[in-house]
Amino acid sequence: MGFVAIKGGEDAIKHSLAFFEKNFVCSDANESVIIESMRLGVDRVMSEGSLYSKKLAAKSLIKSSGDTFNAAFFLRAHRSSCQRIGEAKTIDINNMRIVRRISAAFKDIEGGQILGPSNDYQIKLLNSVINQDNIDISNYDCSDKKMPSALDLLRQMGFIKNQPKDSKIDDITRVFPNPPYSRSAMMQAMSRGESGSMLGFAYTSMRGYGDIHPTIGDLRLGNIEVKFIHPLTKKEVIIGEIDVSAVESVGEVEKQYDGSVKLNTGFGFCFGFNETKAICMSILDLNLYAVKHRENETHFASNCEMILHHIDGVDSMGFANHYKLPHYVTFQAILQVFEKAKEFTEKNERKMA
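Using the numbering used here, you'd call the opening residue of the sequence shown number 6 and step up by one each time.
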């Protein structure tokens, strides 16, 4: 069966784009206002777009009329056009300047529980309750608030399982990994994964399929310096600061391959203030690398293949939306099969009658 050539449509496409720009995109939208008023949305797009730029993330949200899937697509497409000049040095989350830091595992932790900016504790009603008590928060300074993880003491005591380091760090933006998937590849995929997809997979575990009930050992939001070896001077330089979210979750006690008994932990890390995603990432990390879950990959959240290929928002959105493109030949083939099956069934029914 030959394909039907599709011609024309360019004018219709141009009109459709113009219609969208005129009716859905605010040409007067100010990027700085978007960054200030939709901070968490901007941070989410940065994380899923895999490019740290609040300005470009805000611009992507404007161009996509608030569609976070398309905004991440815009950002990732732009990222692919940028020149890469090297790799930043490894970030140590203990060097974060803390804006928010809590632990559900311990009541008393070094530095105390720092609630920071959060509406977790707000009654979800639409009436305004902004600063009714005229609390002064202008003097808060996080520049000197650097503190170790609340789980460090347990590590020093040898209670926590240490994941082996990959001999080679994969870069999934250059080469898509093949199985068996390295932990570095999985962590990269989750760090830029779509927040809703990751929540969905993590939720399957929370509800009992993977039998994971983690405790947040250390959740922190803050900013941290990014260091880089200058390509000309070969000296270490600070190229800027980025806002990040990091979570360490503690799972159940488990006997390891070497016979020792350890606490399993999971780690989540992403651009911006995006703590729900970071929590889900830590839960998925727990599922993927806890011994008993790795041995039983029938659970959704314990299967590397399932996670790696289904949490990317740009990929999944593109696949879903491609069904809007012409599928005339495919559907005609389906109709032909249906007609032949119908004729065959009717013929047999007449014979039996």
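Ideal Cβ placement from N, Cα and C applies to all residues, glycine included.
Under three-state DSSP, which class holds residue i?
i      : result
Ala283 : helix
Thr238 : coil
Ala307 : Reading off the sequence shown, one finds Ser at residue 307, where the question assumed Ala. Ser307: helix per DSSP, three-state reduction.
Asn28  : helix
Glu259 : strand
Ala346 : helix
Phe278 : coil
Asn228 : strand
Met322 : helix
Arg160 : helix
Glu253 : strand
Lys129 : coil
Ile288 : helix
Arg179 : coil
Ile243 : strand
Asn124 : coil
Ile312 : helix
Leu2   : Shown here, the chain extends from 6 to 358; a query on residue 2 therefore has no answer.
Leu330 : coil
To the nearest whole angstrom, what separates the beta carbons of residue i and residue j, a pair I think is in contact under 8 Å?
i      : j      : result
Gly318 : Ser202 : 7 Å
Ser55  : Thr178 : 7 Å
Leu204 : Thr281 : 7 Å
Ile316 : Glu199 : 6 Å
Arg105 : Gly121 : 3 Å
Ala76  : Ser85  : In fact, because the Cβ distance is near 15 Å, the residues do not count as touching under 8 Å.
Ile233 : Gly91  : A quick correction: the sequence has Phe, not Ile, at residue 233. Right, the Cβ-Cβ distance comes to about 6 Å (below 8 Å), so this counts as a contact.
Ile312 : Met191 : 7 Å
Thr209 : Ala358 : So it is not a contact: roughly 50 Å between Cβ atoms.
Can you give me the Cβ contacts of residue i inside the same chain, cut-off strictly under 8 Å, excluding the 5 residues immediately before and after it?
i      : result
Val9   : Residue placement at Val9 is poorly supported in this model, since its pLDDT is 48, which falls under 50; the coordinates are not used for a value here.
Leu45  : Gly277, Phe278, Asn279
Val266 : Val258, Glu259, Lys260
Pro153 : Asn99, Glu115
Ile284 : Ala207, Ile221, Leu224, Val252, Ser254, Gly273
Ser42  : none
Return the chain-ordered list of same chain residues with a C-beta closer than 6 Å to the C-beta of residue i, the five sequence neighbours on each side being excluded.
i      : result
Ser189 : Asp171, Ile174, Asp175
Ser52  : Cys275, Phe276, Gly277, Asn279
Met322 : Phe74
Output needed for residue i: all residues of its chain with C-beta closer than 7 Å, excluding positions within five of it in sequence on either side, in chain order.
i      : result
Ala295 : Gly256, Glu259, Asn269
Ala63  : Glu36, Ile39, Ile40, Val47
Val50  : Ala62, Ser65, Leu66, Thr73, Ala76, Ala77, Leu80
**Asked** Residue ranges of each alpha helix (DSSP H) run of no fewer than 4 residues wholly in the region 38-102, ordered along the chain?
**Response** 44-54, 59-68, 73-85
**Message:** Under 8 Å: do the region 318-337 and the region 224-244 share three or more Cβ pairs, one atom per stretch?
**Reply:** no
**Three CB pairs or more closer than 8 Å across the region 284-292 and the region 323-330** = no
**Prompt:** Given 8 Å as the limit, is there contact between the region 153-169 and the region 255-273, that is, 3 or more CB pairs closer than that?
**Reply:** yes
**Message:** Under 8 Å: do the region 231-250 and the region 271-278 share three or more Cβ pairs, one atom per stretch?
**Reply:** yes
**Request:** Within the region 184-225, note down every full alpha helix (DSSP H) run reaching 4 residues or more, in order along the chain.
**Result:** 188-196, 200-211
**Message:** Within 8 Å, do at least three Cβ pairs link the region 218-225 to the region 96-116?
**Reply:** yes
**Asked** Pairing CB atoms from the region 64-83 with CB atoms from the region 23-37, are three or more of them under 8 Å?
**Response** yes
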